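Q: Residue numbers (our numbering), protein chains in the order written: chain A, 19 to 344; chain B, 77 to 410.
Got a structure for you, questions after.
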């Protein structure tokens, strides 16, 4: 078997706290991703999912400290100096951000923003790079690409801006694309089209995709595998269909039950009691024990270890094995 | 509907002028001849994508803006014919909850002061002790503790802040609460808690909600009735369950098909969703450039909201589509 494109080993990230000391955020993260694979990372706010995608991009804030390894094509990104990282970003990893308006430069035409990377990284002339930009806009199904490449971001709709964001990330033909809530700010019909475009790119170009989202429906639509994060920990991982139809972790089950759907007359939606705890106030033992409907005394005693349940399938829960058998 | 409507919107239109300076003046019709009514004690959903006019509708219902033409009758009174003084008095009866629970609460005020704020503008403003009691009761009603009144917003999570915003909206005991994307910014596990709270407030206190959102699943979960908006017009309305089970307008069906679902894995079999930019045609149906069913008539004649002939599945339902009968035949029951 070929070595994975991306291999994250025992990654932990902590952040300098304002009171001195370091606050652990991500703990015990292991991920392997091959070319052409799609991985969904699911989590609520405060789960550490955005910090993880920034770490893979080498965009951690100065206050963050990472240990472990993030290997991209065998090279450890955590040990790299900024100059080397700069060529990896863009060339090997592309990123699509949630809010396309803030991610774009308002004072530059969108065509030039796409061309910029090609000029800087590939040494193309501006003329050739602008031509390439139009081709890229065509690929992300921008209507009237030649004309709109000369437009400024403010003149475009939300869906068009996100297509520009994808075109910029695509310009370098990255082997890995990280999309952090790429469609959260978009209308559902526009979202469907942007997801179709991303889907085509992974199929046709063999690009690996990490899609970070809080929307389980988007994950089901896009990703072959899913990793569920809670409070900076892996709670469950597996084939998306398995995770969403036969979840092993009570947190995943709770999330799935909380998805809004019509109830019988007078019925109420299922909820997970309480709120996501802050990293500074995690309960002792399992980080979900204070909200878990299946909690037992042993859950408070210590953090459950990550346990492989089947090839490609793992869970962090003391009670998961009983559940898996039943 | 047997009961007299709490909210009766008649032929409401709102134009916004833009341009000037270099380009010529351009008039955008944000709301176009919209009529609808909301029965008391119900959750009435309004669904539509950005630019469909749903937030303009919210502003007009809240009397924060004036219509170009048409009227909003609240409890039988035309809001835009009331004197400024009468309108101010009337405002206690309708309140609003906004999308962003971080931006809508003043960070320098205590929660108690934030929730009590609407009471300060009332005539016959209640005394200090009564205000404190009402704030405490309201915080409990939305699932917070009375002693939370002494804290500041930063001490609360997103879901708790939205509860504070709901408590503030309810403190004047309004008949109507307009909720504009009120749960869109919340995490899944917390969103369900807030949706349940809205249903409890409807059932226990008889509060009426105009619930505006882009999220069909959320509306389907809580709304009694729903209206679907496209380009400033109501294109379909009816009981929420029936509308989503068997859409009578191709736009409603497009929305339902496009929404991701946790039970649908991988790429759907449907043809790629066509996202043409909405165009202001002036005549005919404004959805026709995206509509798989469009025929010549859709170019010539604007479809008005109408009832369909048929059985119980079309009862109390309206659609603004010339081809709705065909849609009814091809739709498999959901």
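The C-beta atom is built at its ideal place from N, Cα and C for all residues, glycine as well.
This structure is a prediction, so every number in the text was calculated from the model and none was measured.
With H, G and I counted as helix, E and B as strand and the rest as coil, what does DSSP make of residue 343 of chain A?
A: In this prediction, residue 343 of chain A scores a pLDDT of 40, lower than 50, which makes its location untrustworthy; no coordinate-derived value is stated.
Q: I need the straight-line Cα distance from residue 286 of chain A to residue 277 of chain B, nearest angstrom please.
A: For residue 286 of chain A and residue 277 of chain B, the distance between alpha carbons rounds to 12 Å.
Q: Closer than 7 Å between beta carbons: that is the criterion. Which residues of the stretch 224-248 of chain A meet it against chain B?
A: Listed in sequence order: 232, 233, 234, 235, 236, 238, 239.
Q: Could you give the residue range of the beta strand (DSSP E) that holds residue 343 of chain B?
A: Element bounds for residue 343 of chain B: n/a, residue is neither H nor E.
Q: Would you be able to state if there are at least three C-beta pairs under 8 Å between the stretch 239-250 of chain A and the stretch 36-48 of chain A?
A: Judged by Cβ distances under 8 Å, the stretch 36-48 of chain A makes contact with the stretch 239-250 of chain A, as three or more pairs qualify.
Q: Measure the Cβ-Cβ separation of residue 390 of chain B and residue 380 of chain B and say whether it is below 9 Å.
A: Contact: no.
Q: Which residue spans inside the stretch 204-245 of chain A form an unbroken alpha helix (DSSP H) run of at least 4?
A: Counting only runs of 4 or more, we get 206-223, 234-240.
Q: Mind listing, in chain order, the continuous alpha helix (DSSP H) runs of no fewer than 4 residues lying wholly within the stretch 163-214 of chain B?
A: As far as the stretch 163-214 of chain B is concerned, its whole alpha helix (DSSP H) runs of at least 4 residues are 187-196.
Q: Give me the subset of the stretch 100-126 of chain B whose CB atoms are less than 7 Å from a CB atom of chain A, sorted by chain position.
A: Listed in sequence order: 125, 126.
Q: At the level of alpha carbons, what is the spacing between residue 199 of chain A and residue 205 of chain B?
A: Residue 199 of chain A and residue 205 of chain B: Cα-Cα distance of roughly 47 Å.
Q: Which residues in chain A have a C-beta closer than 7 Å to the C-beta of residue 330 of chain B? List them in chain order.
A: 207, listed in chain order.
Q: Of all the CB atoms in chain A, is at least one closer than 9 Å to the CB of residue 290 of chain B?
A: By this cut-off, residue 290 of chain B is an interface position.
Q: If the cut is a Cβ gap below 7 Å, which residues of chain B does residue 271 of chain A touch?
A: What residue 271 of chain A touches in chain B: nothing, since even the nearest Cβ is about 11 Å away.
Q: Can you check DSSP and say which residues form a bridge with residue 112 of chain A?
A: Beta-bridge pairing links residue 112 of chain A to A:195.
Q: In chain B, what lies closer than 9 Å to residue 2 of chain A by C-beta?
A: Not covered by the structure: residue 2 of chain A. The range shown for chain A is 19 to 344.
Q: Measuring CA to CA, which of A:318, A:271, A:242 is closest to residue 330 of chain A?
A: With distances taken between Cα atoms, residue 330 of chain A lies closest to A:242.
Q: Can you tell me whether residue 123 of chain A is buried or exposed? The criterion is at least 16 other CB atoms within 10 Å of its CB, across all chains shown.
A: It counts as exposed.
Q: If you check the beta carbons only, do residue 155 of chain A and residue 338 of chain B fall under 9 Å apart?
A: Contact flag unset, no.
Q: I need the DSSP call for residue 248 of chain A, collapsed to helix, strand or coil.
A: Here residue 248 of chain A sits in strand by DSSP.
Q: Would you mind sorting residue 314 of chain B into buried or exposed? The rule is 16 or more other CB atoms within 10 Å of its CB.
A: Counting Cβ neighbours within 10 Å, residue 314 of chain B comes out buried, since at least 16 surround it.
Q: Using 9 Å as the threshold, is the C-beta distance between residue 211 of chain B and residue 231 of chain B below it?
A: For residue 211 of chain B and residue 231 of chain B, no; Cβs fall outside 9 Å.
Q: Note the first and the last residue of the continuous beta strand (DSSP E) segment covering residue 87 of chain A.
A: Residues 82-90.
Q: Counting only Cβ pairs nearer than 8 Å, list the residues of chain B close to residue 260 of chain A.
A: Those do not exist, as residue 260 of chain A stays about 11 Å from chain B at its closest Cβ, beyond 8 Å.
Q: Please classify residue 300 of chain B: is it buried, with 16 or more other beta-carbons within 10 angstroms of its beta-carbon, or exposed?
A: With 16 or more Cβ atoms within 10 Å of its Cβ, residue 300 of chain B is classed as buried.
Q: Label residue 130 of chain B either buried or exposed according to how many other C-beta atoms from any shown protein chain fall within 10 Å of its C-beta, with 16 as the threshold for buried.
A: Residue 130 of chain B comes out buried.
Q: Count the CB pairs spanning the stretch 102-117 of chain A and the stretch 133-141 of chain A that are closer than 8 Å, and state whether there are at least three.
A: The stretch 102-117 of chain A is in contact with the stretch 133-141 of chain A.
Q: Using a C-beta to C-beta distance shorter than 8 Å, which residues of chain B count as neighbours of residue 278 of chain A?
A: Going along chain B in sequence order, the residues near residue 278 of chain A (Cβ under 8 Å) are 267, 268, 271, 291, 293, 294, 296, 297, 298.
Q: From the DSSP output, which residues share a beta bridge with residue 42 of chain A?
A: Looking at the DSSP assignment, residue 42 of chain A forms a beta bridge with A:32.
Q: Taking residue 219 of chain A as the reference, which of A:56, A:276, A:205 has the closest Cα?
A: Closest option to residue 219 of chain A, Cα to Cα, is A:56.
Q: Using a 10 Å radius around the Cβ and a threshold of 16 neighbouring Cβ atoms, would you call residue 268 of chain A buried or exposed?
A: Label assigned to residue 268 of chain A: buried.
Q: In this structure, how does DSSP classify residue 256 of chain A when only helix, strand and coil are distinguished?
A: Three-state DSSP puts residue 256 of chain A in a strand.
Q: Since residue 235 of chain B meets chain A, which of its residues come closer than 8 Å, beta carbon to beta carbon?
A: What residue 235 of chain B touches in chain A: 293.
Q: Beta strand (DSSP E) containing residue 284 of chain B: first to last residue?
A: Unbroken beta strand (DSSP E) run through residue 284 of chain B: 284-289.
Q: So is residue 477 of chain B in contact with chain A if we call contact Cβ pairs under 9 Å?
A: Here chain B covers residues 77 to 410 and nothing more, so residue 477 of chain B does not appear.
Q: Assign residue 47 of chain A to one of three DSSP states: helix, strand, or coil.
A: Reduced to three states, the DSSP call for residue 47 of chain A is strand.
Q: What residues from chain A crowd round residue 263 of chain B, counting only those whose CB sits closer than 7 Å?
A: Residues of chain A passing the Cβ test: 62, 63, 232, 294.
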